[in-house]
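Engineer: Please see the structure below; I have some questions.
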Amino acid sequence: MQEKLSAKPLFNPFGDTETTKRRMIGGNTTNLNDFNNLKYPWTSDWYRQAMNNFWIPEEINLSQDLKDYRLLSDAERKAYDKILSFLVFLDSLQTANLPNISEYITANEVSLCLHIQTFQECIHSQSYSYMLDTICSPEERNDILFQWKNDSHLLERNTFIGGIYNNFLEHRDRFSLMKVLVANYILEGIYFYSGFMFFYNLSRNGKMPGSAQEIRYINRDENTHLWLFRNIILELKKEEPELFQKDMIETYKAMLEEGVEQEIKWGSYVIGDEIPGLTKRMLADYIRYLGNQRWTSLGFAPLYENNQMEPEDMAWVSQYANANMVKTDFFEARSTAYAKSTALVDDL
């Protein structure tokens with residue numbers, strides 16, 4: 006497990022052309038992009054869904070948000086700024102790191118999906134910039150972007166995932182890569198969600214509707230990213246069973262539990278009990294429920310016995326997260342028109 010992986014060659018005329026020989030990692034790839042001969046047929050649905058999800062941040066009208074932002078309570082504005090700062094960091098980190106993962110993925114159809122995800126992370130960063138440029142002065146914008154430099158809570162959160170990514174760049178072995186994949190799964194499936202629910206809660210209270218709509222489209226993309234990494238991990242369970250020995254599974258489990266606890270701690274700090282419509286208890290119950298969803302989706306037993314059902318008082322989150330369900334004006338409705346295919350069917 007400690008032996009370094011070899012990055013796939015850019016040009017490999019001696020690569021395997023037989024689909025049956027294709028592997029997620031450690032394969033002998035030609036790097037030929039072939040959309041017809043797939044070892045992992047689920048990538049075709051994923052690719053088409055991701056392409057149909059295309060959207061443009063500036064098509065969403067933020068004029069009401071410009072008015073609302075100045076009227077937010079101190080607690081709401083603090084949460085808005087800090088959560089946005091965190092989301093900017095996460096998507097920036099993803100944009101930079103996904104190519105590092107793709108270097109070692111030797112199934113061309115999966116690499117294509119990772120490249121599409123990287124593009125979407127760039128769109129998310131553009132969206133956050135558009136939100137900040139609309140509601141803030143340049144000085145306020147820069148303060149929000151770099152709050153992690155002065156906020157120990159933000160720095161701690163960024164360090165957990167960033168440290169795992171950096172560890173892989175240093176060691177580049179199979180176990181380090183597997184931990185990076187799990188870290189991505191945590192980021193996409195746990196780390197975003199208290200932030201997303203905060204924006205949805207503002208919207209259901211009649212505030213910042215444009216910001217919530219931007220987040221809906223981001224959330225829709227992140228759901229496909231989560232689905233992608235779940236499937237990569239499941240394929241590796243079959244192809245690389247040595248990466249799923251008992252002690253290694255315990256490492257992945259501890260990572261997910263740490264991600265859940267960090268998200269709860271973060272939500273308690275940034276949202277607390279000061280935001281109308283949300284409480285620390287509601288947030289903690291929902292995040293533990295998501296933790297169970299993520300872990301059981303990988304084929305393991307639930308982590309939290311008392312959080313196996315979606316909390317009734319948080320059912321509104323999934324309704325708001327449906328980007329194709331809620332339209333607040335003509336301009337926002339234009340963006341939903343890009344999603345022409347049915348959503349991926351999964352149990353995430």
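Take the sequence shown: its position 57, counted from the start at 1, is 62 in the numbering used here, and no numbers get skipped.
We put the CB at the ideal spot given by N, CA and C, even for glycine.
1) Out of 179, 263, 311, state which residue places its alpha-carbon closest to the alpha-carbon of residue 291.
2) Compare the Cα-Cα distances from residue 202 to each of 80, 224, 245 and report the closest residue.
3) Do residue 84 and residue 275 have their C-beta atoms within less than 9 Å of each other?
4) Assuming residue 136 contacts residue 89 under a Cβ cut-off of 8 Å, what Cβ separation, rounded to an integer in Å, is found between them?
5) Which first and last residues belong to the alpha helix (DSSP H) in which residue 70 is found?
6) Going by CA-CA distance only, name the one from 108, 93, 254 that's closest to residue 151.
7) Once DSSP output is grouped into helix, strand and coil, what is the label at residue 278?
8) To the nearest angstrom, how far is it from the Cα of residue 144 to the Cα of residue 72?
9) Residue 141 lies in the alpha helix (DSSP H); which residues open and close that run?
10) Contact criterion: CB-CB distance below 9 Å. Does residue 321 meet it with respect to chain C?
11) Below 6 Å CB to CB, which residues in the same chain sit around residue 146 once its five sequence neighbours on both sides are set aside?
12) Is it buried or exposed for residue 25, if we count other Cβ within 10 angstroms and need 16 for buried?
13) Among 62, 249, 228, whose alpha-carbon lies nearest the alpha-carbon of residue 238?
14) Decide if the region 173–193 is in contact with the region 276–286; the criterion is three or more beta carbon pairs, one per stretch, under 8 Å apart.
Structural biologist: Short version:
1) 311
2) Closest by C-alpha distance to residue 202, out of 80, 224, 245, is 224.
3) yes
4) 7 Å
5) 68–74 is the span of the alpha helix (DSSP H), which, as asked, contains residue 70.
6) 93
7) coil
8) 18 Å
9) No residue range can be given for residue 141, since it is assigned to no alpha helix (DSSP H) and is classified by DSSP as neither H nor E.
10) Note that chain C does not occur in the displayed structure, where there is just one protein chain.
11) Answer for residue 146: 137, listed in chain order.
12) exposed
13) 249
14) no
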